[in-house]
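Novice: The numbers in the numbering used here rise by one with no breaks, and the one at position 8 of the sequence shown is 8. All C-beta atoms, glycine included, are put in the ideal place defined by N, C-alpha and C. Bear in mind that the values here come from a model prediction, so they are computed numbers and not experimental data. Have a look at the structure that comes next, please.
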Amino acid sequence: MARPGHEGAASIWHAMPVDDVLASLQSGPEGLDGAQAAQRLKTYGPNRLPLAAGKPAWRRFLLQFHNSLIYLLLVGAAVSLALGHGVDAAVIVLVVVVNAVTGFIQEGRAQQAMESIRRLIAPHATVLRDGGRMVCDAADLVPGDIVLLEPGDRVTADLRLLRSRGLMVDEAILTGESVNASKQVAVSMVDAPLGDRDGMAFSGTLVVAGMGAGVVVATGARTEIGRISTLMHEVEVISTPLLRQVDRFSRVFGVAVLVCAVLLFVFAVGVRGYGALDALMAVVSLAVAVVPEGLLAVMTITLAIGVQRMARRQAIVRRLPAVETLGATSIICSDKTGTLTRNEMTAQRVVMADACWQASGQGYAPQGELLAQAGGADVEQAGALLRCGLLCNDAGLHQDEGGAWSVRGDTMEGALLALAAKGGLDAGLERLAWPRLDEIPFDARYAYMATLHGDAAGSGVRLLCLKGAPEKVLGRCATQRTAGGETPLDRAYWDGQIAALAEQGQRVLGFAMRELGPEDALSLNPDELAADFVLLGVIGFIDPPRDEALAAVRDCRSAGIEVKMITGDHAATALAIARQLGLRDQPEVLGAAELDRISDADLPDAAQRTTVFARATPEHKLRIVRALQARGAVVAMTGDGVNDAPALKQADVGVAMGGKGTEAAKEASEIVLADDNFASIVAAVKEGRTVYDNLTKVISWTLPTNGGEVMVVILALMMGWVLPMSTAQILWINLATTVTLGLVLAFEPAEPGVMARRPRPAGQPLLSGFLLWRVGFVSFLFMIGALGIFLFLQARGAPLEVARTAVVNVIVVMEVAYLFSVRYLHMRSFNWQGIKGTPAVALALVVVTAGQLLLTYAPAMQRWFQTAALSPGQVVAVLAVGLALFTLLELEKAVARRWLGEVV
């Protein structure tokens, strides 16, 4: 007996005749007996997807602290506690713990993706055992079992079909195709793609019509869906660009702080003669001052605000860092069906022998009209063709309370009902006038459907309607319908029309009819059906692009983001949609066979060139994403099916469809689109870029303010001066401004032209060369301003408390001035909008001003922080320093924009 788990065995069942399959599995049409089933269950194990052994919860939690910035913050907390600043230490520890808990929860959700795939296997199955029909748990299915299929059944294992009568299966979760797959018993080619294996029914797919039976050839992890589960387990979750940049920045920052602290300690003891303990306490104070305690919290809040903004754009974020990652995206790999297209088949083109029409309207809404394309033919000429389409049809249209139309049954048949309504026919009245007498259900073996209808008026006339693959319908026609009557069939004309429609990516159905009198005898049997039909015409169907997707693709191209289509659909259909969307001027397509022939080493170049990947399997999608990442691209991947889950997990940011997506796809993704709309991805990219801009603003504002304080103290120590600020005053500045002025930058709206910029390189550091210059330059200006006013007041005989109070106030005023400058990184801030600020800026200014007034003039604050009241003249001097700083920064920004063309 061939074992399905052996290498290659499970992949060839579709290419084997039914008798050979049964013989290999030592089974028969009557199924297994109970003893055989029990023995095989021991051999193959239960029909379940195995759960991967995950890390223990305690270990996953501790790993959340394995980050350079976290280590730096913990050191800062320990130092603060050692110096007696318990409140500061508690705040830092709280930030670290909240961050760890958030990461722990999100990582746990990722493990739910595996369980989501497991739930797709139905809990029960109808099987033949011991010569009779019985219902058993799906977990008890074994190779060789005979499973019976009916509409509504979820397929419970991979089956090689033994019988099929009108069997239609929704395989979208595996193939991504919008059209239901018609199943038959005949063998397929050995190398047939998954979507072309007509003799197979795969675990997790859904039976939508017809009946059938199949023998189990693979269970559990050996099924196609099990193979995807294994791929999911093998994919490592990669770090986001932001987290990599923060980690790199934290390491460099931590080393710099340590080196500077050691050098300063040596200088203080060896050169200035400080005692070792005094020098250590001074150095530790500086370390506390320079560590940006609130930076992680403000970054988290910035990302959280981005999450809220994206939610308003129909993008639900499951992992905070994904907000920024989407803004760094350079390539979007998008599914076609339902994302770039409407996932609604629309009958667009009606072709007859001497006329053709274009149908307006989209989807299943019976609204629109038929517009003549040649000769001005009246729509009534197409009446017989439209009538054939709605009579030879088992679908129905439904309108929900919100007015949206959907189809019950086959999607192409639903499109025919909508088309008939556009041509003026009422499906209900037509079906009453021509009741169905008999039928031949669609079967892939003969690729057509036929129905017989009687005349309700009692004329005795009967209509035999035929619908199916155009080559099959043409083969049963001798004549064709024209406005002047019947003429001999022009096969060359029809072959050309069908080829033209196919070239446009349209699926084509042919329609024919015979009119029978009461004396005509007819046996409605596929083997005896006559070949003297009259060809009425052909109709082209397409799943049209979303209108908003067209505009979104244009936005992507202007933003330097390339859109690639990865679909399970056929190459011609996908390429036609790519051209309509304008994905590229000359889009190139790669099919499954070509992908299989390309080595992993050559794939990155091929993937970069290619716009459309057709008939892609889960392995193909995973290889494509990895190949693009190998070229340094930040890849966003969209999808809705189980077949998309491995690639969604591998991508820098996975985007799942919220409406039509499977739970497995959602759990494997960082972002879920509530409206399944590609335009929402582009809107989310804009929000992501805004979030990154705001994060950059937060960091570039925080570091110079801390750096300026440290440079002031260091220079004072080196020069032997009295310290211009006490440790308590430094901590006040950090506490009072970080949670107010620093936080308002998280609420900044998008700068003009945010979507006209190229994506930033994946390896770009958190601080660009210009921002590094800006940190040093602004820190130096802060030092000059603070020391300048300190020395100025001391020279005029002001008490130390007054001079220090002026220093604290001048640093806060300079922070406010710098805030207004840094609000715009890509343009000048000296304009009405820049000066006016936002409501958040206004509120922060009120809070900071009130705090500084209390610090300067409230007696209790004066005692706690050793401050003193300032005179009006001293206040004016403090404000003048802030205005001078703002002017210098705007001049520097103008020079950088002139010579560098960009300021970050």
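Within the continuous alpha helix (DSSP H) that includes Gln497, where are the two ends?
Specialist: Element bounds for Gln497: 491-503.
Novice: If you follow the alpha helix (DSSP H) that Gly776 is in, where does it begin and where does it stop?
Specialist: 769-795 is the extent of the alpha helix (DSSP H) around Gly776.
Novice: By the 10 Å Cβ neighbour count, where 16 or more other Cβ atoms means buried, how is Ala650 classified, buried or exposed?
Specialist: The sequence shown places Gln at residue 650, not Ala. With 16 or more other Cβ atoms within 10 Å, it is buried.
Novice: Tell me whether Arg491 is buried or exposed, calling it buried when 16 or more other Cβ atoms sit within 10 Å of its Cβ.
Specialist: exposed
Novice: Cutting at 7 angstroms between CB atoms, please list the residues of its own chain near Leu787, excluding the five before and the five after it.
Specialist: Val712, Leu715, Pro724
Novice: Taking DSSP as the reference, what is the three-state secondary structure of Glu171?
Specialist: coil
Novice: Residues in its own chain within less than 8 angstroms of Ala122 by CB, not counting five upstream and five downstream?
Specialist: The predicted model places Ala122 with a pLDDT of 49, which falls under 50 and marks its position as unreliable; any figure quoted below should be read in that light. Ala138, Asp153, Arg154, Val155, Thr156, listed in sequence order.
Novice: Helix or strand or just coil, what does DSSP make of Tyr692?
Specialist: helix
Novice: Unbroken beta strand (DSSP E) runs of length 3 or more, entirely within the region 418-477: which are they?
Specialist: 436-443, 448-454, 462-468
Novice: Whole angstroms are fine: how far does the CA of Gln729 sit from the CA of Ala860?
Specialist: A direct Cα-Cα distance of roughly 14 angstroms separates Ala860 from Gln729.
Novice: Bridge partners of Ala656, per DSSP?
Specialist: Gly639, Val672
Novice: Under three-state DSSP, which class holds Asp555?
Specialist: helix
Novice: For Ser188, I'd like the list of residues in its chain whose CB is within less than 7 angstroms of its CB, leaving aside the five on either flank, ordered along the chain.
Specialist: Closer than 7 angstroms at the Cβ level, and outside the excluded window around Ser188, lie His14, Ala15, Asp196, Arg197, Asp198, Gly199.
Novice: With Phe820 as the anchor, note down where its alpha helix (DSSP H) starts and where it stops.
Specialist: 800-822
Novice: Exposed or buried, which one is Trp58 when buried takes at least 16 other CB atoms within 10 Å?
Specialist: exposed
Novice: Touch check for the region 213-225 and the region 39-46: three-plus C-beta pairs under 8 angstroms?
Specialist: yes
Novice: May I have the straight-line CA-CA distance separating Thr411 from Glu171, to the nearest angstrom?
Specialist: Each residue's Cα considered, the two are about 14 angstroms apart.
Novice: Should Thr205 go down as buried or exposed, given a rule of 16 or more other Cβ atoms within 10 Å for buried?
Specialist: buried
Novice: Can you check the region 548-616 for any beta strand (DSSP E) of at least 3 residues that lies completely inside it and give the ranges in chain order?
Specialist: 562-566
Novice: According to the neighbour-count rule (16 or more other Cβ atoms, all chains shown, within 10 Å of its Cβ), is Leu885 buried or exposed?
Specialist: buried
Novice: Mark Met719 as exposed unless 16 or more other C-beta atoms lie within 10 angstroms of its C-beta, in which case mark it buried.
Specialist: So Met719 ends up on the exposed side.
Novice: Note down the Cα distance separating Ala896 from Gly769, rounded to an integer number of angstroms.
Specialist: 12 angstroms
Novice: Tell me whether Tyr364 is buried or exposed, calling it buried when 16 or more other Cβ atoms sit within 10 Å of its Cβ.
Specialist: buried
Novice: With which residues is Cys392 paired in a DSSP beta bridge?
Specialist: In the DSSP output, where bridge partners are listed per residue, Cys392 has none listed.
Novice: Any idea what DSSP makes of Met16, helix, strand or coil?
Specialist: DSSP places Met16 outside both helix and strand once states are collapsed to three, so it counts as coil.
Novice: How close, in whole Å, do the beta carbons of Gly338 and Asp644 come, if the pair is a contact with beta carbons under 8 angstroms?
Specialist: 11 angstroms between Cβ atoms; not a contact.
Novice: Express the C-alpha separation of Ala186 and Arg445 in angstroms, rounding to a whole number.
Specialist: 8 angstroms
Novice: Rounded to whole angstroms, what's the CA-CA distance from Phe267 to Ala276? Just pull it up for me.
Specialist: 11 angstroms
Novice: Mapping the DSSP letters down to three states, classify Pro488 as helix, strand or coil.
Specialist: strand
Novice: Excluding the 5 residues flanking Gln348 on each side, which residues of the same chain have their C-beta closer than 8 angstroms to its C-beta?
Specialist: Gln358, Ala359, Gln506, Gly540, Phe541, Ile542, Pro544
Novice: Secondary structure at Arg109, three-state DSSP: helix, strand or coil?
Specialist: Confidence at Arg109 is low in this model, with a pLDDT of 47, below 50, so its placement is unreliable and no value can be given for it.
Novice: From Ala456 to Gly568, what does the alpha carbon distance come to, in whole angstroms?
Specialist: 45 angstroms
Novice: Can you tell me whether Glu344 is buried or exposed, with buried defined as 16 or more other CB within 10 angstroms of its CB?
Specialist: buried
Novice: Under the three-state reduction of DSSP, which class applies to Arg481: helix, strand or coil?
Specialist: In this structure, Arg481 counts as strand in the three-state DSSP scheme.
Novice: Residues in the same chain with beta-carbon distance under 7 angstroms from Leu583, minus the five sequence neighbours each way, listed in chain order, please.
Specialist: Val553, Val563, Met565, Thr611
Novice: Which residues share a DSSP beta bridge with Ala213?
Specialist: Leu148, Arg163
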